[in-house]
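K.L.:
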Amino acid sequence: MATLYDDARSGSLTLDKLNTYLKAAPDKSIIDKPGGSEQLTPLAGACLGGHLDVVRLLLNNPYRNAGPNAPSINDLTPLYYATRESPATDRAAIVRTLLKAGAAVDATSAYDGHNTPLMNAISQTRDRDVVHELVDYGASLTIKNDNGITAQTLAVRYRMTSDVLPREKRNNTLSLIVHHIISIILYIISIVNSGILNSIFDAVKILFGISGKEDAGLKKEIKDGGSVKAFTGNLKDYVKDQGLDKFFPRNEPFFATLAQKAAALRDDPNTGLNTPNNLKRLIFLSLYQPIIYCDDSGSMAGGDRYEHQREIVSRIAHIATKIVPDGSGVLLRFINHSSPDDMFSAEAIDAAVRAVRPSGGTRLGSVLRDRILEPYLYKILASPNKRLERPLLICTITDGCPTNEEANTFKNEIVKCRDRLRESGFENPGKAVMFLISQIGDDADATRFLDDLNSDDKIRDMLYCTSDRLDRMFLQHKNNERSLEVWLLKLLTQPIMEGMSLPE
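359 is the number that the UniProt record's numbering gives to position 359 of the sequence shown; each next residue is one higher, with no gaps.
(1) Within its chain, find whatever has a CB closer than 7 Å to the CB of Leu488; leave out the 5 residues flanking it on each side and keep chain order.
(2) State the CB to CB distance for the pair Asn336 and Gly360, rounded to an integer number of angstroms; the pair is presumed to be in contact (CB under 8 Å).
(3) Hey, could you find the ends of the beta strand (DSSP E) Gln289 is sitting in?
(4) Tell me, please, whether the segment 385-392 touches the segment 342-356 by the rule of three or more beta-carbon pairs shorter than 8 Å.
(5) Could you give the first and the last residue of the continuous alpha helix (DSSP H) run that contains Tyr306?
(6) If you count every other CB in all the chains shown that lies within 10 Å of the CB of Arg448, and 16 or more means buried, which is it?
(7) Report, in whole angstroms, the separation of the C-beta atoms of Asp399 and Arg305, which I expect to be a contact under 8 Å.
(8) Only counting the same chain, and skipping five residues up and downstream in sequence, which positions put a Cβ closer than 6 Å to that of Asp268?
(9) Report buried or exposed for Asn120, applying the criterion of at least 16 other Cβ atoms within 10 angstroms of its Cβ.
(10) From Met473 to Thr271, what does the alpha carbon distance come to, in whole angstroms?
(11) Using only alpha-carbon positions, find the residue among Asp341, Asp163, Ile397 that is nearest to Arg363.
(12) On the premise that Pro166 lies in contact with Ala139, defined as a C-beta separation below 8 Å, what is that separation, rounded to the nearest angstrom?
(13) Please classify Tyr21 as buried or exposed, where buried requires at least 16 neighbouring CB atoms within 10 angstroms.
(14) Whether or not the segment 426-437 and the segment 467-484 are in contact is what I'm after, with contact meaning three or more pairs of Cβ atoms, one per stretch, closer than 8 Å; do they touch?
(15) Give the secondary structure of Ile380 by DSSP, where H, G and I count as helix, E and B as strand, and everything else as coil.
(16) Exposed or buried, Thr3, counting other C-beta atoms within 10 Å across all chains shown (16 or more means buried)?
(17) For Thr125 versus Ser424, is the C-beta spacing smaller than 8 Å?
(18) Apply the 10 Å Cβ neighbour rule to Asn278 and answer buried if 16 or more other Cβ atoms are within range, or exposed otherwise.
(19) Let me know if Arg354 comes out buried or exposed under the rule of 16 or more other beta-carbons within 10 Å of its beta-carbon.
(20) For Asp90, does the count of other Cβ atoms within 10 angstroms reach 16, so buried, or fall short, so exposed?
(21) Identify, in the order they occur along the chain, each residue of the same chain with its Cβ nearer than 8 Å to the Cβ of Asp461, setting aside the five sequence neighbours on each side.
(22) Would the segment 20-34 and the segment 62-72 be scored as touching if the rule is three or more Cβ pairs under 8 Å?
(23) CB-CB under 8 Å to Gly195, same chain, minus the five flanking residues each way: which ones, in chain order?
(24) For Tyr464, which three-state DSSP category applies?
(25) Can you list, in chain order, the residues of its chain whose CB lies under 7 Å from that of Leu154, leaving out five sequence neighbours each side?
(26) Tell me whether Thr14 is buried or exposed, calling it buried when 16 or more other Cβ atoms sit within 10 Å of its Cβ.
(27) Tell me, which residues are paired with Leu438 by DSSP?
(28) Taking DSSP's pairing of strands, which residues face Phe474 in a bridge?
(29) Quick one, which of Leu18, Pro290, Arg128 has its alpha-carbon nearest Cys395's?
(30) Is Val156 closer than 8 Å to Thr83 when the C-beta atoms are compared?
(31) From Ser72 to Ser483, what does the alpha carbon distance come to, in whole angstroms?
(32) Given Gly148, which residues of its chain have a CB within under 6 Å of its CB, disregarding the five upstream and five downstream residues?
(33) Let me check understanding here. Comparing Cα to Cα, which of Ile283, Arg9, Cys294, Ala444 lies closest to Val356?
(34) Please classify Ser286 as buried or exposed, where buried requires at least 16 neighbouring CB atoms within 10 angstroms.
(35) Report, in whole angstroms, the separation of the C-beta atoms of Ile459 and Val415, which I expect to be a contact under 8 Å.
(36) So, at 7 Å on beta carbons, what are the nonlocal neighbours of residue 508 in its own chain, with the 5 sequence-adjacent residues on each side left out?
And the structure:
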């Protein structure tokens, strides 16, 4: 028979059920008591499960509101579970809800080594949105945990120093550049949708957050244009004048197409990607060239690993090609099998992955160099007549540690990539090429391999290791396509947004 704890943990608790449980209990304080097999309070269980609607119900209902600081087993508060254990999709919203209800922003427990919620958000989930929420509610950067480490120290270690700044200071030069680019694209959306093609700047509405917020600086920086074509022509001049052409596309149609497709997506009721924040993330992602690097070694044939990888890769390709122009799709590479040089559509990506039968070893670093870095970066850097059309986002999926090559080959290739970029004039290599690596499966050696990469300061500016196993998170979201899309979008954009706070 289900209990209050079961329903809160599973997300099935409703107002009527809550009333029934409270009436049946000898004391309504049951709402703040630990229970169930995990010895969690109902609120902690809802946070652990990622159920935003249940969190809101427990904190605000006509019968008895849950205490935002009521501890579960080991004196762990709901904010602990929200910042460290909650699924990514609604994590920031849950944290915001708890803080608004009065959750103690610096609550700690001896069980967790007296790590604050901010420490966990930085070191465990690396969730920028959650870090921002905690900082904005006054989270301490100087409290020390049992190891004598502060949140400020962790922010340096995990390249999140800009994220722990006060809200008004959370930007830097590149974030301002990206803000301009995204504002430009969202402004074009407003032109496309409004039909206002004359005296454009009489009604400048930079849709940051799709809210109609005017950007006076941008208004002055881009000349008046009488049409979308003229406007995007001026945009090309703006990109060049601002020195953005080293990082972002220089061809006029790219931005206009991005804007038109983003406008259509905004009005699509069948996707979860059409919210203001998700549109901004999607536009940001579209400024990068994704290269999906798949593990097709023999070990991937075990269980459902390869099939899960196929489904994840197919959806990644679908998201990454949502609003980019035709021909600006996704590149696909395998460790052991060849693949065409063309940029793939989402459908072609799925077909290509289906056609492969896993076999061979895991020469992760050597093949990274030979099939990705050499043709798509080094040859371009070596040619005086070529330049990067878009920064690269190289997404690696693997189920094991490298074989048939030196153990540090993958890491060394990232270091060499960074050095080549600096030699070619890229002062911040991590803004030209970013590596994302994720584990599929539960191989302990693979986990140690990723942990070793994640702890290496030499490559921290170019490499992002995901904290969750892809297949486990995929199964969690699989039955909710909207939730799955949003999770993958956040996964893809996290590495390129880390260390770069976009104005809110």
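Beta carbons: idealized from backbone N, C-alpha and C, even for Gly.
Here the structure is a predicted model, which means the values were calculated and not measured.
P.N.:
Concretely, from the data shown:
(1) On the sequence shown, residue 488 is found 488 positions in, with the first residue counted as 1. By the criterion of a C-beta distance shorter than 7 Å, Leu488 is surrounded in its chain by Arg315, Ile316, Ile319, once the five residues flanking it on both sides are discounted.
(2) Start at 1 with the first residue of the sequence shown, and residue 336 comes out as number 336. Start at 1 with the first residue of the sequence shown, and residue 360 comes out as number 360. Between Gly360 and Asn336 the Cβ distance is about 4 Å, and since that is below 8 Å, they are a contact.
(3) The count along the sequence shown starts at 1 and reaches residue 289 at position 289. Where Gln289 is concerned, the enclosing beta strand (DSSP E) stretches over 289-294.
(4) Contact between the segment 385-392 and the segment 342-356 is absent: fewer than 3 CB-CB pairs across the two stretches fall below 8 Å.
(5) Locating residue 306 in the sequence shown gives position 306, counting from the first residue. That run of the alpha helix (DSSP H) goes 305-320.
(6) Against the sequence shown, residue 448 aligns to sequence position 448. Result: exposed.
(7) Locating residue 399 in the sequence shown gives position 399, where the first residue counts as 1. Locating residue 305 in the sequence shown gives position 305, where the first residue counts as 1. Confirmed, Cβ separation roughly 5 Å.
(8) Locating residue 268 in the sequence shown gives position 268, where the first residue counts as 1. Taken in chain order, the residues that qualify are Asn274.
(9) Working through the sequence shown from its first residue, we reach residue 120 at position 120. By the 10 Å Cβ count, Asn120 comes out buried.
(10) For this step, residue 473 is matched to residue 473 along the sequence shown. For this step, residue 271 is matched to residue 271 along the sequence shown. Roughly 19 Å between the two C-alpha positions.
(11) As a position in the sequence shown, residue 363 is number 363, starting the count at 1. Residue Ile397 is the option with its Cα nearest to Arg363.
(12) On the sequence shown, position 139 is the one that residue 139 refers to. On the sequence shown, position 166 is the one that residue 166 refers to. With a Cβ gap of about 11 Å, Ala139 and Pro166 do not count as contacting.
(13) Here residue 21 is taken as the residue at index 21 of the sequence shown, counted from 1. Of the other Cβ atoms in all chains shown, 16 or more fall within 10 Å of the Cβ of Tyr21; this residue is therefore buried.
(14) Between the segment 467-484 and the segment 426-437 there are fewer than three C-beta pairs closer than 8 Å, too few to call the two in contact.
(15) In the sequence shown, residue 380 corresponds to position 380, counting from 1. In this structure, Ile380 counts as helix in the three-state DSSP scheme.
(16) The sequence position of residue 3 within the sequence shown is 3, counting from 1. The residue is exposed, with fewer than 16 neighbouring Cβ atoms inside 10 Å.
(17) Locating residue 125 in the sequence shown gives position 125, where the first residue counts as 1. Locating residue 424 in the sequence shown gives position 424, where the first residue counts as 1. With contacts defined by Cβ atoms closer than 8 Å, Thr125 and Ser424 do not form a contacting pair.
(18) Residue 278 sits at position 278 when you count from the first residue of the sequence shown. It is buried - the Cβ of Asn278 has at least 16 other Cβ atoms within 10 Å.
(19) In the sequence shown, the residue the question calls residue 354 occupies position 354. Exposed, since its Cβ has fewer than 16 Cβ neighbours within 10 Å.
(20) Counting from one through the sequence shown, the residue named residue 90 turns up at place 90. Buried.
(21) Here residue 461 refers to the residue found at position 461 of the sequence shown. Cβ within range, chain order: Arg159, Arg418, Asn428, Pro429, Gly430, Gly499.
(22) Proximity of the segment 20-34 to the segment 62-72 meets the contact definition, three or more beta-carbon pairs being nearer than 8 Å.
(23) Position 195 of the sequence shown, counting from 1, holds the residue named residue 195. The predicted position of Gly195 is uncertain, since its pLDDT is 39 and thus under 50; a value taken from the coordinates is nonetheless stated next. No residues qualify anywhere along the chain.
(24) For this step, residue 464 is matched to residue 464 along the sequence shown. Tyr464 sits in a strand when the DSSP states are folded into three classes.
(25) Here residue 154 corresponds to residue number 154 of the sequence shown, with the count starting at 1. Residues Met119, Ile122, Ser123 of the same chain have their beta carbon placed closer than 7 Å to that of Leu154, with the five preceding and five following residues left out of the count.
(26) Here the question's residue 14 lines up with position 14 in the sequence shown. Under this definition Thr14 is an exposed residue.
(27) As a working note, residue 438 is residue 438 in the sequence shown. Reading off the sequence, residue 438 comes out as Ser, not Leu. Note: Ser438 sits in a beta bridge opposite Ile397.
(28) Position 474 of the sequence shown, counted from the start, is the residue given in the question as residue 474. Under DSSP, Phe474 takes part in no beta bridge, so it has no partner.
(29) Position 395 of the sequence shown, counted from the start, is the residue given in the question as residue 395. Looking at the Cα atoms, Pro290 is the closest of the given residues.
(30) Along the sequence shown, one-based indexing puts residue 83 at 83. Along the sequence shown, one-based indexing puts residue 156 at 156. Thr83 places its beta carbon 8 Å or farther from that of Val156.
(31) Position 72 of the sequence shown, counted from the start, is the residue given in the question as residue 72. Position 483 of the sequence shown, counted from the start, is the residue given in the question as residue 483. Spanning the two alpha carbons is a distance of roughly 28 Å.
(32) Position 148 of the sequence shown, counting from 1, holds the residue named residue 148. For Gly148, where only same-chain residues beyond five positions count, there are no Cβ hits under 6 Å.
(33) Counted from its first residue, the sequence shown places residue 356 at position 356. Closest option to Val356, judged by alpha-carbon separation, among Ile283, Arg9, Cys294, Ala444: Cys294.
(34) Translated into positions along the sequence shown, residue 286 becomes position 286. Buried, by the Cβ-count rule.
(35) Here residue 459 corresponds to residue number 459 of the sequence shown, with the count starting at 1. Here residue 415 corresponds to residue number 415 of the sequence shown, with the count starting at 1. With a Cβ gap of about 6 Å, Ile459 and Val415 count as contacting.
(36) This structure cannot settle anything about residue 508, because the visible part of the chain is limited to 1 through 504.
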